[in-house]
Amino acid sequence: MVRVQAFNPSFPSNFESSTGHRTRMIYIPSTNYEEIMFQESLNRIDPEEADLACTQSILRDLKKLRREGKQARRERRRERRQRRRERRERREMMEMMDMDDGDGEREGL
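The opening residue of the sequence shown carries number 1 in UniProt numbering; numbering runs sequentially from there.
Written as structure tokens, this is what we have:
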């Protein structure tokens, strides 16, 4: 199992990996971190709530990145299919034209 550890240079990471887990460090830019840390600095939310809020923010960002990645893959797949279809149609057109040329020459003889 791989645990994702997100970090922000301005935010001390409280997401420690437990034993037996590999930790992958990733950086997710988010304006939510700054807002959460600001609220915590004003003592409006306690550190545990701040950690929870940051975790939820990270999960939202990961879902968004994953969704964008899926959409990009779908678009690339669609473009590849379109190019293949166009090449196939061009090839078929060329074959049809070659057959027409060949038939026309034979009929003329």
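Yeah, the Cβ is synthetic: ideal placement off N, Cα and C, and Gly gets one too.
Keep in mind the model is a prediction, meaning the values are calculated, not measured.
Assign residue i to buried or exposed, taking buried as 16 or more other Cβ atoms, counted over all protein chains shown, within 10 Å of its Cβ.
| i | result |
| --- | --- |
| Ala72 | exposed |
Apart from the five residues just before and just after residue i, which ones in its own chain have a Cβ nearer than 8 Å to its Cβ?
| i | result |
| --- | --- |
| Met93 | none |
Counting only the same chain and skipping the five closest in sequence on each side, list residues whose C-beta sits under 7 Å from that of residue i.
| i | result |
| --- | --- |
| Leu65 | none |
Determine, using beta carbons only, whether residue i comes closer than 9 Å to chain B.
| i | result |
| --- | --- |
| Gln82 | Here chain B cannot be found, since the structure has a single protein chain. |
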